[in-house]
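Chemist: Heads up: the sequence shown runs through residues 1396 to 1826, numbered per our numbering.
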Amino acid sequence: MNNTFFIETWGCQMNDLDSQRLSGNLKLRGWRRVDDEKQAGLILLNTCSIRDKSEQKVYSRLGELRELKKKSGAQIGVCGCVAQQEGEKILKRAPWVDFVMGPGNVGHLDEVLTGSKTVAVDFPEDRRYDYLAIDRPSATKAQVTIMEGCNKNCTFCIVPTTRGREVSRTFVDVLAEVRAAVDSGRVEIELLGQTVNAYRCPESGRDFGALLSAVAEIPSLVRLRFMTSHPAEVSEGMIEAMRDHANISRYLHLPVQSGSSKVLRRMKRLYTREKYLETIGRIRAAIPDIHFSTDIIVGFPGESEEDFQQTLSLVAEIDYGSLFAFKYSPRPGTPSLKIGPPVDDEVASERLARLFDRHERMKRSRLESYQGKVLPVLYDGLSKHDPSMLAGRTDDNWVVNFVGDPATPLGTMVGVRIAHAQHHTLRGEAV
Ligand code: SAM
């Protein structure tokens, strides 16, 4: 038997971590990971269904793998959110697929591999989470899931279908995993959850603010980050934890989606423009130099030019450091389908371009404001674009490529004088 495997991962951080879990689990059972799908006895596609005809992309990739399977005889498994969304349909349309496994079953890979389940799209009560069997790709960073699923039910979003209802892990479990990761040399931890700040310990009821503080106080933890926060779940405890712990990154990704209260109501985002601005104001009052980033959807059904202008003015008012924007993409089974058709595609594209253009100028002047300063940078590897340089992140989450001593141990905090701003990153020299 060819017990080598290949994993292809699409989508968000949660999918990255699911792939690390699948890989770790397989390695524990004697499988070996390969980078070439042609060599593999098992091919896993860990898919994403958040936008843009994602299911078609998966079917077209499966079309390519059909030919490969004829030659190599590899087993093929479709995992992730498209697996959850399509379920049985995948086996009907692509009968050369051996199994379909949704995100709720990542800890149950054994049952799928032994053939006792070929379509695993339930959300088992006992979600197995073996944190000692995670194949972490970085020697300095570890991602740690603290909760799965989402109960918010935003009208545009497929996540509640693909990742199920909110389930938090216990405080004790999360702390044990973080300690194990830190003990293995990971100095940077990123806590993950679809609505990470809705975390609530199922045993003690302790909330996200309490968890953040407890994790931040683990000795030798140099940097703590988390993703993704929902604006309606920002509590005083969370803000205080960020303010009071120097090792919690001064970066907050707080997706707003729109600057118009009318659109936000239709999206069922559970806050208004005013409430969101008030939340930003409370956070800034506590942590003045925080870097905010956001997600925005343009062209949601019924979005008028005036609504879009409100998004532009909100973006200018908040002065986000980073912004991720997408055209609305109708997702199967989501309530927004009943609200109406998306805005005309040309109009939505033009709005998206205007938004990026407006933000680009703001980001440029922000990045330029770092020129000449010496910033602490957590060194985490060689620069992706120029391996003669080192790379790392600032406390407020900007990537810095810098000239430095290649013998510097990974995970060292290095003082870097910023020489200039690149498109999305900073460049400098270790001092
Ligand atoms: N729950 C996480 C969050 O709130 O960030 C993950 C959601 S998703 C991976 C990230 C972003 O995708 C969302 O914040 C939203 O802006 C965008 N998105 C989600 N559904 C979308 C849709 N139907 N069309 C366009 N963009 C969408």
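Beta carbons: idealized from backbone N, C-alpha and C, even for Gly.
The model shown is predicted, which means the values in this text are computed figures rather than measured ones.
What is the DSSP secondary structure of Met-1637, reduced to helix, strand or coil?
Modeler: helix
Chemist: Which whole-angstrom value is the C-beta distance of Tyr-1646 and Asn-1796, which I expect to be below 8 Å?
Modeler: With a Cβ gap of about 18 Å, Tyr-1646 and Asn-1796 do not count as contacting.
Chemist: Looking at Thr-1535 and Leu-1805, is the spacing between their C-beta atoms short of 9 Å?
Modeler: yes
Chemist: Using the beta-carbon count (16 or more within 10 Å), is His-1818 buried or exposed?
Modeler: Under the 10 Å beta carbon count, His-1818 is surrounded by fewer than 16 other beta carbons and is classified as exposed.
Chemist: Is the distance from the Cβ of Gly-1559 to the Cβ of Glu-1543 below 9 Å?
Modeler: Contact: yes.
Chemist: Any chance the CB of His-1754 is under 8 Å from a heavy atom of the ligand SAM?
Modeler: no
Chemist: My understanding is that Phe-1566 touches Leu-1504, with C-beta atoms under 8 Å, so please give their C-beta distance in whole angstroms.
Modeler: Not really, about 26 Å apart at Cβ, beyond 8 Å.
Chemist: Taking the alpha carbon of Gly-1604 as the reference point, which residue from Val-1617, Pro-1614 and Val-1629 has its own alpha carbon closest?
Modeler: Selected option, being the one with the closest Cα: Val-1629.
Chemist: Can you look up Pro-1730 in the DSSP assignment and give me helix, strand or coil?
Modeler: Pro-1730: helix per DSSP, three-state reduction.
Chemist: Smallest Cα separation from Cys-1612: which of Asn-1642, Lys-1487 and Arg-1531?
Modeler: According to the sequence displayed, residue 1612 carries Glu and not Cys. Closest option to Glu-1612, Cα to Cα, is Asn-1642.
Chemist: When DSSP builds the beta bridges, which residues end up paired with Ala-1816?
Modeler: Leu-1821
Chemist: CB Ile-1553 to CB Gln-1451, shorter than 9 Å?
Modeler: no
Chemist: Taking the CB atoms as reference points, tell me whether Lys-1663 and Ala-1593 lie closer together than 9 Å.
Modeler: no
Chemist: Tell me, please, whether the stretch 1413 to 1426 touches the stretch 1452 to 1463 by the rule of three or more beta-carbon pairs shorter than 8 Å.
Modeler: no
Chemist: Going by beta-carbon coordinates alone, are Ala-1711 and Val-1693 separated by less than 9 Å?
Modeler: no
Chemist: Using the Cβ count rule (16 or more neighbours within 10 Å means buried), how would you classify Phe-1751?
Modeler: exposed
Chemist: Assuming Val-1569 and Ile-1541 make a contact with CB atoms under 8 Å, what is their CB distance in whole Å?
Modeler: 5 Å
Chemist: Can you name the residues that DSSP bridges to Thr-1758?
Modeler: Here residue 1758 is Lys; the residue named in the question, Thr, does not match the sequence. Answer by DSSP bridge pairing: none, since Lys-1758 is not bridged.
Chemist: Going by C-alpha distance, which of Thr-1399, Ile-1445 and Gln-1652 is nearest Asp-1430?
Modeler: Thr-1399
Chemist: Quick one: what does DSSP say Gly-1419 is sitting in, helix, strand or coil?
Modeler: DSSP places Gly-1419 within a helical segment (H, G or I) once states are collapsed to three.
Chemist: Using three-state DSSP, classify Ile-1678 as helix, strand or coil.
Modeler: helix
Chemist: Count the C-beta pairs between the stretch 1693 to 1709 and the stretch 1645 to 1660 that are closer than 8 Å, then say yes if the count reaches three, no if not.
Modeler: yes
Chemist: Are the CB atoms of Val-1539 and Leu-1586 within a distance shorter than 9 Å?
Modeler: Judged by their CB atoms, Leu-1586 and Val-1539 are nearer to each other than the 9 Å cut-off.
Chemist: Okay, do the stretch 1436 to 1450 and the stretch 1396 to 1413 touch, 3+ Cβ pairs below 8 Å being the bar?
Modeler: yes
Chemist: Closer than 7 Å by C-beta to Leu-1747: which residues in its own chain qualify, once you throw out the five before and the five after it? Chain order, please.
Modeler: Val-1693, Ala-1720 and Lys-1722
Chemist: Is Asp-1411 closer than 9 Å to Pro-1498 when the C-beta atoms are compared?
Modeler: no
Chemist: For Lys-1665, which residues from the same chain have a beta carbon less than 6 Å from its beta carbon, with the 5 sequence-adjacent residues on both sides left out?
Modeler: The sequence as given places Leu at residue 1665; Lys does not occur at that position. If we look at Leu-1665 and ignore the five residues flanking it on each side, its Cβ neighbours are Ala-1627.
Chemist: Based on the DSSP secondary-structure assignment, which residues constitute the bridge partners of Ala-1786?
Modeler: Gly-1776 and Asn-1796
Chemist: Can Ile-1682 and Met-1637 be called in contact, C-beta distance under 9 Å?
Modeler: yes
Chemist: Around the C-beta of Phe-1509, are 16 or more other C-beta atoms found within 10 angstroms, so that it is buried, or is it exposed?
Modeler: For clarity, residue 1509 is Thr in the given sequence; the question names Phe instead. Looking at its Cβ environment, which holds fewer than 16 other Cβ atoms inside 10 Å, Thr-1509 is exposed.
Chemist: Drop a sphere of 10 angstroms on the beta-carbon of Val-1826, count the other beta-carbons inside from all chains shown, and report buried for 16 or more, exposed for fewer.
Modeler: exposed
Chemist: Does the beta carbon of Ser-1724 fall short of 8 Å from some heavy atom of the ligand SAM?
Modeler: yes
Chemist: What runs of the alpha helix (DSSP H), each 4 residues or longer, lie entirely inside the stretch 1469 to 1547?
Modeler: 1475 to 1481, 1483 to 1488 and 1504 to 1508
Chemist: Looking at C-alpha atoms only, which residue of Gln-1415, Ala-1469, Arg-1428 and Met-1409 is the closest neighbour of Met-1396?
Modeler: Ala-1469
Chemist: My guess is that Val-1651 and Ile-1678 are in contact by the Cβ rule of under 8 Å, so how many angstroms apart are they, rounded?
Modeler: Val-1651 to Ile-1678, Cβ: 13 Å. No contact.
Chemist: Beta-carbon within less than 7 Å of Gly-1716's beta-carbon, same chain only, minus the 5 sequence neighbours each way: which residues are those?
Modeler: If the five residues before and after Gly-1716 are omitted, its C-beta is found closer than 7 Å to the C-beta atoms of His-1686, Phe-1687, Ser-1688, Lys-1758 and Arg-1761, all from its own chain and listed in chain order.
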